[in-house]
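What follows is a set of notes on a single structure, which appears directly below.
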Amino acid sequence: MTIEPESRKNRRAEERPAPTQDEENTVSVEQSAVDGAELQTRANTIIKVADHETPLRLEDVTIRYGGERNGAERVTVVEGFNMDLDAGEMHCVAGRSGSGKTSILTVSAGLTLPTSGRVFWEDAPLDAMNDDEVADRRRALIGYVDQGGALIEGMSALENVLLPAVPDGEVEQRTEMAKDLLELVGLGKRIKHRPAQLSGGERQRVAIARALILGTRVLVVDEPTASLDRAAANKIIGILKDTTKDGISVLVASHDHELIRVSDSMTELN
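With the UniProt record's numbering applied, the sequence shown has no gaps in its numbers, which climb one by one up to 270 at the end.
Following this line, the structure appears as structure tokens:
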């Protein structure tokens with residue numbers, strides 16, 4: 001079930017109850033790691049703005065696992081999934097555990113192929129590319145953040161952010177940008193900290209900064225607020241939402257009600 005932005009907004013307006021005192025005291029999404037206006041000004045100078053109307057499209061995607069080769073029963077996880085992700089849009093894929101949220105994300109990021117159906121990056125079909133072409137286009141287009149962030153424990157926050165620049169020999173050229181990105185996500189004073197010295201929310205923010213270092217146009221994020229307290233989760237949501245103001249698209253898998261609320265559109269997997 002896909003819920004479009006206007007219908008969701010109208011329904012929320014009709015159904016939303018008056019806030020309780022506890023809700024008024026809750027840290028809001030807008031209170032992100034850095035003051036919003038300052039964050040936006042800095043973001044405009046360091047994040048490459050997307051220039052394609054629909055950078056990601058999924059058409060009739062079906063994903064199945066198992067089969068005769070390994071003797072397991074073939075299981076359909078996702079069937080007939082369609083999505084157009086526009087520039088600057090945040091789309092949330094929601095659903096219970098095991099409903100196929102992560103499968104949609106990995107297919108969207110070109111990490112796996114669907115059983116059937118097609119994935120398009122800026123109107124180019126992935127099934128028409130070889131592995132090297134997919135890898136090259138992914139580096140230029142997609143920033144992927146898996147659940148937990150997957151930081152390298154022996155590296156500082158700054159070194160983790162710069163990791164994607166290593167294969168192209170661009171570490172030195174992108175160091176200032178990496179520092180700016182860490183400042184952008186509220187970690188400018190923790191660039192030398194290693195993952196063990198950071199909280200769960202801070203680790204997630206480092207992972208988001210790393211995903212943006214190569215000029216990402218589509219940010220694909222798996223359960224970014226899982227296991228975080230409300231205040232830390234709201235900082236992450238605020239950062240993701242601010243990113244879309246620069247034309248970057250965000251595809252996120254989550255069952256976080258607040259993240260779903262601020263998304264521009266949502267698909268619920270049954």
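Even glycine gets a Cβ: it sits at the ideal position worked out from N, Cα and C.
Worksheet item: Does the count of Cβ pairs from the region 117–135 and the region 58–68 closer than 8 Å reach three?
Response: yes
Practice prompt. Drop a sphere of 10 angstroms on the beta-carbon of His-257, count the other beta-carbons inside from all chains shown, and report buried for 16 or more, exposed for fewer.
Written response: Counting from one through the sequence shown, the residue named residue 257 turns up at place 257. When all chains shown are included, His-257 counts as exposed.
Item to complete: Might you give, ordered along the chain, the residues of its own chain that have their beta carbon closer than 6 Å to the beta carbon of Arg-261, omitting 5 neighbours on each side?
Response: Against the sequence shown, residue 261 aligns to sequence position 261. Hits under 6 Å: none found.
Discussion item. What does the Cβ neighbour count give for Glu-176, buried or exposed, with the cut at 16 atoms within 10 Å?
Written reply: Taking the sequence shown and counting its residues from 1, the one referred to as residue 176 is at position 176. Exposed, by the Cβ-count rule.
Fill in: Distance between Leu-269 and Arg-203 (C-alpha atoms, nearest Å)
The residue given as residue 203 occupies position 203 in the sequence shown. The residue given as residue 269 occupies position 269 in the sequence shown. The alpha-carbon atoms of Arg-203 and Leu-269 are separated by roughly 28 Å.
Worksheet entry | His-91 (DSSP reduced to helix, strand or coil) | Position 91 of the sequence shown, counted from the start, is the residue given in the question as residue 91. Strand at His-91.
Worksheet item: Using DSSP with H/G/I as helix, E/B as strand and the rest coil, what is Ser-108?
Response: The residue you call residue 108 lines up with position 108 of the sequence shown. Three-state DSSP puts Ser-108 in a helix.
Worksheet entry | Neighbourhood of Glu-159 by C-beta, 8 Å cutoff - its chain only, sequence neighbours within 5 removed | Translated into positions along the sequence shown, residue 159 becomes position 159. Once the five neighbours on either side are set aside, the close Cβ partners of Glu-159 are Ile-152.
Fill in: Distance CB(Thr-102)-CB(Ala-253) smaller than 8 Å
Stepping through the sequence shown from its first residue, residue 102 is reached at position 102. Stepping through the sequence shown from its first residue, residue 253 is reached at position 253. Contact flag set, yes.
Practice prompt. Would you identify the three-state DSSP class for Arg-96, choosing helix, strand or coil?
Written response: Counted from its first residue, the sequence shown places residue 96 at position 96. In the structure shown, Arg-96 sits in coil (DSSP, three-state: anything other than H, G, I, E or B).
Worksheet item: Residue range of the beta strand (DSSP E) that Ile-63 falls in?
Response: Start at 1 with the first residue of the sequence shown, and residue 63 comes out as number 63. In the DSSP assignment, Ile-63 falls within the beta strand (DSSP E) that extends over 56–67.
Worksheet item: With DSSP run on the structure shown, which of helix, strand or coil describes Leu-85?
Response: In the sequence shown, residue 85 corresponds to position 85, counting from 1. Secondary structure at Leu-85: strand, using DSSP grouped into helix, strand and coil.
Worksheet entry | 6 Å CB neighbourhood of Met-90 in its chain, flanking five on each side removed | The residue given as residue 90 occupies position 90 in the sequence shown. Correct list, in chain order: Thr-244, Val-250, Ser-263 and Asp-264.
Worksheet item: Taking C-alpha atoms, which residue in Arg-194, Ala-109 and Ala-209 lies nearest to Ala-165?
Response: Locating residue 165 in the sequence shown gives position 165, counting from the first residue. The option with the nearest alpha carbon to Ala-165 is Ala-209.
Worksheet item: Expressed to the nearest angstrom, what Euclidean distance is found between the alpha-carbon atoms of Ala-211 and Ile-142?
Response: Here residue 211 corresponds to residue number 211 of the sequence shown, with the count starting at 1. Here residue 142 corresponds to residue number 142 of the sequence shown, with the count starting at 1. In a straight line, the C-alpha of Ala-211 is about 8 Å away from that of Ile-142.
Worksheet item: Using CA coordinates, which residue listed in Ser-227, Val-221, Glu-223 and Leu-184 is at the minimum distance from Gly-199?
Response: Here residue 199 is taken as the residue at index 199 of the sequence shown, counted from 1. The question names Gly, yet the displayed sequence has Ser at residue 199. Of the listed residues, the one whose Cα sits closest to Ser-199 is Ser-227.
Practice prompt. Output yes or no for whether 8 Å exceeds the beta carbon distance between Arg-74 and Gly-66.
Written response: The residue you call residue 74 lines up with position 74 of the sequence shown. The residue you call residue 66 lines up with position 66 of the sequence shown. Yes. Within cutoff.
Discussion item. Beta-carbon within less than 6 Å of Ser-116's beta-carbon, same chain only, minus the 5 sequence neighbours each way: which residues are those?
Written reply: Sequence index remark: in the sequence shown, residue 116 carries index 116 (1-based). Closer than 6 Å at Cβ, skipping near neighbours: Thr-62.
Worksheet item: DSSP beta-bridge partners for Ala-124?
Response: Mapped onto the sequence shown, residue 124 falls at position 124. For Ala-124, which the question treats as bridged, DSSP gives the partners Trp-121.
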